[in-house]
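Before any comments, here is the structure.
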């Protein structure tokens, strides 16, 4: 999804990405308290208009030329380190490459800089799920729904995560059952709607 230079990764596209190595989960745990790749100060030079222009230019080529998009996004952050959409979109590039720790760092920046938007929370939740931090991922999906209630992509992703994480208990959970009914009615694709109907029938 792309709007005004802002990118949210599609759940289906990302879930089909390269499989996660078991070693990556361990590396995540060791690195989660590491230093940020950025050094910020109150008097850092800022050019928000240039950062916005570069971020929009990067969004236009993010799928067709991710290397160019990454270069443009880093230029955007050099212009304004506090430009949230650039952090989010750079995180999307890292996520698509399986660079999950770097992706999470960017989504954390975007989450802090864009507290009123669900996109960075949704993207961070997907990243957490990819490294097996299911409880944290579910909490982050819920956080995204607090900002954007009823967002069907988030409802779908959270419900699938809940069922993958603890299928026995999730199948009996009132929240999960309600979300499955919602997906069965208004899922973003027939594939999702059929998935929800099958889950409801099997419960």
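In the numbering used here, the protein residues as written are 1 to 203. Beta carbons are placed, not taken as given, at the ideal position from N, Cα and C, and that holds for glycine.
Exposure of residue 111, with buried meaning 16 or more beta-carbon neighbours within 10 Å: Counting Cβ neighbours within 10 Å, residue 111 comes out buried, since at least 16 surround it.
Cβ-Cβ separation, residue 75 to residue 54 (assumed contact under 8 Å), whole Å: The beta-carbon separation of residue 54 and residue 75, rounded to 5 Å, stays under the 8 Å limit for a contact.
Secondary structure of residue 202, DSSP reduced to three states: Under the three-state reduction of DSSP output, residue 202 falls in the helix class.
Opening and closing residue of the alpha helix (DSSP H) in which residue 188 lies: Residue 188 -> no alpha helix (DSSP H), and no H or E assigned at all.
Selected residue, minimal CA-CA separation from residue 47, among 182, 83 and 56: Considering only alpha carbons, the answer is 83.
Selection from 162, 38, 192 and 97 that minimises the alpha carbon distance to residue 66: Residue 97 holds the alpha-carbon nearest to the alpha-carbon of residue 66 among 162, 38, 192 and 97.
Helix, strand or coil at residue 99 [DSSP, three-state]: It is coil, neither helix nor strand.
DSSP state of residue 118 mapped onto helix, strand, coil: Three-state result, residue 118: coil.
Residue 50 beta carbon less than 7 Å from that of residue 72: For residue 72 and residue 50, no; Cβs fall outside 7 Å.
Continuous alpha helix (DSSP H) stretch holding residue 143: start and end: It spans 134-147 - the alpha helix (DSSP H) in which residue 143 sits, taken as one unbroken run.
Distance, residue 202 Cα to residue 121 Cα: If you draw a straight line from the Cα of residue 121 to the Cα of residue 202, it is about 31 Å long.
Own chain, CB closer than 7 Å to residue 186, minus 5 neighbours either side, in chain order: Cβ within range, chain order: 152.
First through last residue of the alpha helix (DSSP H) which encompasses residue 81: Where residue 81 is concerned, there is no enclosing alpha helix (DSSP H), given that its DSSP letter is neither H nor E.
Residue 169 classed as buried or exposed, judged by whether at least 16 other C-beta atoms fall within 10 angstroms: When all chains shown are included, residue 169 counts as exposed.
Nearest-angstrom beta carbon gap, residue 103 and residue 91 [assumed within contact, 8 Å]: The Cβ separation is near 5 Å, so the contact holds.
Given residue 126 as reference, the closest of 147, 117, 171 and 156 once Cα atoms are compared: Measuring from the Cα of residue 126, the nearest candidate turns out to be 156.
Sub-7 Å separation of residue 124 and residue 107 beta-carbons: Against a cut-off of 7 Å, the Cβ pair of residue 107 and residue 124 comes out as a contact.
Reduced DSSP category for residue 67 - H, G, I as helix; E, B as strand; rest coil: Annotated three-state conformation of residue 67 is helix, per DSSP.
Spatial distance of residue 188 from residue 45 (CA atoms): Each residue's alpha carbon lies about 42 Å from the other.
Counted within 10 angstroms of its Cβ, other Cβ atoms place residue 119 as buried (16 or more) or exposed: That one is buried.
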